[in-house]
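Take a look at the structure set out below.
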Amino acid sequence: MAEGKVRVLHLLCKHEKSRNPVSRFDCRLGMTWTRLSSGITMKVSVESAHGELKAILGRLEGKSGQELVDAFAKEAQLRSDCGSFAQGGDLGFFGPSEMQKEFEDASFALDVGQMSGIVDSQSGSHIILRIA
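Residue 2 is where the sequence shown starts when you use the numbering used here, and the numbers rise one by one after that.
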């Protein structure tokens, strides 16, 4: 492990209050899109994003170890609005001050193998799984 760094998988659901609500998700699930002057944005409320994440947390409940890592990566590939979806949500190693504070604090608070609940940041709403 890189000294003072963590490695996580994450799944991001962007919503109408995200600082940059443009999704990397494209139209994989046929979401409703609207064109704004800033680009293409999903019409997803915070509540709807949280609902999707709660459903995903329910599907991951009871899993641990490699089974959890594999299932989490699959969920991220299917739904995450972050470009890391192509790597199963893997952000690689990062250290202090490299991520938004809420995301960083949640990531460093987790033990290896532990999954967060819903974490809200300026980017949107996340589920985080610490893998190192």
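We put the CB at the ideal spot given by N, CA and C, even for glycine.
Length at least 4, wholly inside the segment 62-90: the alpha helix (DSSP H) runs in chain order: Within the segment 62-90, the alpha helix (DSSP H) runs of at least 4 residues that lie entirely inside it are, in chain order, 66-80.
Close-in-space but distant-in-sequence residues of the same chain around residue 94 (CB under 6 Å, 5 per side omitted): So the qualifying residues of the chain are 3, 6 and 8.
CB-CB length for residue 120 against residue 103, believed under 8 Å: Between residue 103 and residue 120 the Cβ distance is about 6 Å, and since that is below 8 Å, they are a contact.
Exposed unless 16 or more other CB atoms sit within 10 angstroms - verdict on residue 89: Under a 10 Å Cβ-count criterion, residue 89 is classified as buried, with 16 or more other Cβ atoms of the shown protein chains found around its own Cβ.
Status (buried if at least 16 other CB within 10 Å, exposed otherwise) for residue 108: With 16 or more Cβ atoms within 10 Å of its Cβ, residue 108 is classed as buried.
DSSP-derived helix/strand/coil call for residue 98: Coil.
Length of the line joining the Cα atoms of residue 58 and residue 118: Using only the alpha carbons, I get a separation of about 8 Å.
CB-CB length for residue 124 against residue 51, believed under 8 Å: Contact doesn't hold; Cβ gap of about 14 Å is too wide.
Contact check, residue 47 vs residue 15, beta carbons under 8 Å: Not a contact, by the Cβ cut-off of 8 Å.
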